[in-house]
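This report refers to the structure that appears directly beneath it.
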Amino acid sequence: MTNTDNSREWAAQAYALLKKRQEQQKQELEKQEQQKQELEKQEQQKQELEKQEQQKQELEKQEQQKQELEKQEQQKHELEKQEQQKQELIDIPNKENIAEPELGEFDDNFTWSAMVLAAQGKKINQISIDEIDWLTKLRRGLEETRKGFVTELLDKLGDDPLTPESLDDLETLLIRADVGIDSTDKVISSLRTKLNEEVVGGEAGIKFLKKELKLIIDKPIKNSGTDILVPQKGKLNVWLLVGVNGVGKTTTLGKLAHLSSKSNYKTLIAAADTFRAAAVEQLKVWGERSNVDVISNQSKNADPAAVVFDAINSAKKRNVDLLLVDTAGRLQTKNNLMDELAKIKKIIDKKVPDALVESLLVLDASQGQNGLKQAKSFAKSADLSGAIITKLDGTSRGGVSLAVSEEVNLPIRFIGAGEGIKDLRPFNSYEFVEAMLADK
Ligand SMILES: Nc1nc2c(ncn2[C@@H]2O[C@H](COP(=O)(O)OP(=O)(O)OP(=O)(O)O)[C@@H](O)[C@H]2O)c(=O)[nH]1
Ligand SMILES: [Mg+2]
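For the sequence shown, my numbering gives the first residue as -18, with consecutive numbering after it.
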């Protein structure tokens, strides 16, 4: 019994042991299974992380490529800009000859120029090649204006005395040369009065016509009290060049800088056209040619009045006689051009109340009546003191100078007849009328 009991107990113990072992094994297996799952999970997470890492790298690569592309795009823009600036600089005529020009042939041009000088009281030993050269240019420049005007006029007048009919023809010709209705009326009615009093021959008619035209041009000059505009010593003279885009402000300023420094005035340029990126470079080229410093502010959208502010400070420090200010023909914003000019003037008035300020309207003669319209609207609001007529070379509308004098009442101060540094001179009404009506 005992044995049996023993064996039962033993068996029970064994069972319990086996069960426990089985239980343990099961647990062990479950544990392993869990661990396996854990591992698998970790493996998955690892893969997930690797994938994310890869994606991140991919994104970074794309970002880099994007930046690279943007950089390339920027470089392209930069190159295009440089190319444009280069082009604009090339557009400035480079074939300058600042030295004294060569004496040309003893031809009709020379004779005519010398006679024009002599008629103004010049002595033989006072005449320079420069003056002959300029008058030749002026006469040549006004050739187109003369054609279909003087040539036709001379044909019509011939050597016969003037008649009321020939006056009608003259009226048409003057209007066609852009002389303007007011000036034409004035000239024709004086001629008519003269004709009522006496017989006027062809040649005398031309002489009278020249005199009348000169009177019209001279009137605003006389009214201004200054025959020839020159900087006054001992004061700061500030000349603002204003006008719509493309008329020749910057080129004219370059030529003025040359004239001024050559005449021993201490000169400085203010680059207050902050609209065109290349405007400053264009001015610097002119500055180098005439040996005149240029004050500028290269930052984008710089304030023109601030540039003038800086330039005045420099001008005071350096004892400058003439400060030439280039202004924009257009603005970035819808701001009124006139408001901008008024702001510039205010700065000048505030900083140098005793400065002699000239606001010179630059007009492109080739624009004829259109240019005259611009002149009128500028004159209304910009407080102008004079005009500079450019591009008289190769236009048939040189007569517009008369309309500027008569209708806008502005003294013409300088005229430009070419793109070169020497192709600008103080205005001389006698020479101008002689060149316009030269009979060949
Ligand atoms: N033939 C001829 N061309 C001229 C004369 N003056 C200026 N030009 C030309 O006219 C063009 C415009 O001249 P700019 O001086 O740049 O004109 P701007 O008024 O400063 O123009 P913006 O600054 O754009 O308003 C240039 O190609 C000049 O060379 C002239 O007297 N005769
Ligand atoms: Mg300009």
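From the three backbone atoms N, C-alpha and C, an ideal C-beta is built for every residue, glycine too.
Who pairs with G375 in a beta bridge, going by DSSP? According to DSSP, residue pairing for G375 in a beta bridge does not occur.
At a threshold of 7 Å, does K230 count as lining ligand 2 (C-beta to nearest heavy atom)? Yes; taking the cut-off as 7 Å, the Cβ of K230 has a heavy atom of ligand 2 nearer than that.
Chain-order list of residues whose beta-carbon lies under 7 Å from that of P74 (same chain, five-residue window excluded): For P74, the pLDDT reaches just 49, beneath the cut-off of 50, and the residue's location in the model is therefore unreliable, although a value from the coordinates is still provided. Answer for P74: E400 and G401, listed in chain order.
Which residues does DSSP list as the beta-bridge partners of T248? T248 is bridged by DSSP to L303.
Report the CB separation of L217 from A336 in whole angstroms; it is logged as a contact under 8 Å. Correct: roughly 4 Å between the Cβ atoms.
Whose C-beta lies closer than 6 Å to the C-beta of V261 among residues of the same chain, with five residues either side of it excluded? A distance below 6 Å between beta-carbons, with the five flanking residues on each side excluded, links V261 to the following residues of its chain, in chain order: A252 and S277.
Kindly indicate which three-state DSSP category T231 falls into: helix, strand or coil? T231: helix per DSSP, three-state reduction.
Local Cβ density within 10 Å of L373, reported as buried at 16 or more and exposed below that: Its Cβ being crowded by 16 or more others within 10 Å, L373 is buried.
Counting along the chain, where does the beta strand (DSSP E) carrying P201 start and finish? Premise fails: P201 lies in the alpha helix (DSSP H), G183 to S205, not in any beta strand (DSSP E).
If we call anything under 8 Å between Cβ atoms a contact, is A309 one with P334? Contact: no.
Using CA coordinates, which residue listed in V273, T231, V266 and L221 is at the minimum distance from S241? For S241, the closest alpha carbon among the candidates V273, T231, V266 and L221 is that of V273.
May I ask you to report which of helix, strand or coil DSSP gives E415? It is helical.
Is V275 helix, strand or coil by DSSP? Strand at V275.
Where A356 and S340 are concerned, what is the direct C-alpha to C-alpha distance, given to the nearest angstrom? If you take the alpha carbons of A356 and S340, they lie about 12 Å apart.
Based on DSSP bridge pairs, tell me the residues matched to I110. DSSP links I110 through a beta bridge to no other residue.
In the structure shown, what three-state DSSP assignment does F359 receive? Three-state DSSP puts F359 in a helix.
Quick one: residues in its chain with C-beta nearer than 6 Å to the C-beta of S366, no 5 flanking neighbours on either side, listed in chain order? Taken in chain order, the residues that qualify are E339 and S340.
K281 versus P212: straight-line alpha-carbon distance, rounded: For K281 and P212, the gap between their C-alpha atoms comes out near 32 Å.
Round the Cβ separation of I393 and S386 to the nearest angstrom and send it over; I've been treating them as touching at under 8 Å. In this structure, I393 and S386 form a Cβ contact; the two beta carbons are roughly 6 Å apart against a cut-off of 8 Å.
Say whether the stretch 233 to 240 touches the stretch 288 to 295, bearing in mind that this needs 3 or more beta-carbon pairs closer than 8 Å, one atom from each stretch. Output reads no: the stretch 288 to 295 does not touch the stretch 233 to 240.
D159 vs A384 beta-carbon contact at 8 Å: Contact: yes.
Where M417 falls, given that 16 or more other Cβ within 10 Å makes a residue buried: Its Cβ being crowded by 16 or more others within 10 Å, M417 is buried.
Identify the continuous beta strand (DSSP E) that holds P407 and give its terminal residues. Residues L405 to P407.
Suppose the cutoff is 8 Å on Cβ atoms and the five residues either side in sequence are ignored; what does the same chain contact list for V181 look like? Contacts found: P142, L143, L172, K175 and F189.
I need the straight-line Cα distance from K76 to R270, nearest angstrom please. Only weak support is given to the placement of K76: the predicted model assigns it a pLDDT of 43, under 50, and the value that follows is read from those uncertain coordinates. Cα-Cα distance, rounded: 11 Å.
Apply the 10 Å Cβ neighbour rule to I202 and answer buried if 16 or more other Cβ atoms are within range, or exposed otherwise. I202 is buried by the Cβ-count criterion.
Should A100 be counted as a contact of ligand 2 given a C-beta to heavy atom distance under 7 Å? Taken from the Cβ of A100, every heavy atom of ligand 2 lies 7 Å or farther away.
Quick one: Cα of T231 to Cα of D307, how far? The alpha-carbon separation between T231 and D307 amounts to approximately 6 Å.
What do you reckon, is the C-beta of D345 under 7 Å from a heavy atom of ligand 2? False, no ligand heavy atom lies under 7 Å from that Cβ.
Proximity of D345 and G229 at Cβ, strictly below 8 Å: Using a Cβ distance threshold of 8 Å, D345 and G229 count as a contacting pair.
Residues in the same chain with beta-carbon distance under 8 Å from F91, minus the five sequence neighbours each way, listed in chain order, please. Non-local beta-carbon contacts of F91 in its own chain, meaning distances under 8 Å to residues more than five positions away in sequence, involve G85, I113 and T117 in chain order.
Closest by CA to I209, which one among I105, N(-13), F408 and A(-7)? Relative to the Cα of I209, the nearest Cα in the group I105, N(-13), F408 and A(-7) belongs to F408.
Close-in-space but distant-in-sequence residues of the same chain around K167 (CB under 6 Å, 5 per side omitted): Only residues of its own chain outside the window of five on either side were considered, and among them none has a CB closer than 6 Å to the CB of K167.
Please report how far the alpha carbon of L391 lies from the alpha carbon of S358, in whole angstroms. C-alpha separation (whole angstroms): 13 Å.
Which residue comes first and which comes last in the beta strand (DSSP E) that contains V223? Looking at the DSSP string, the run of the beta strand (DSSP E) that includes V223 is N218 to V223.
Write down the C-beta distance between E125 and L154 rounded to the nearest angstrom, noting that I regard them as a contact closer than 8 Å. That pair is no contact at about 14 Å.
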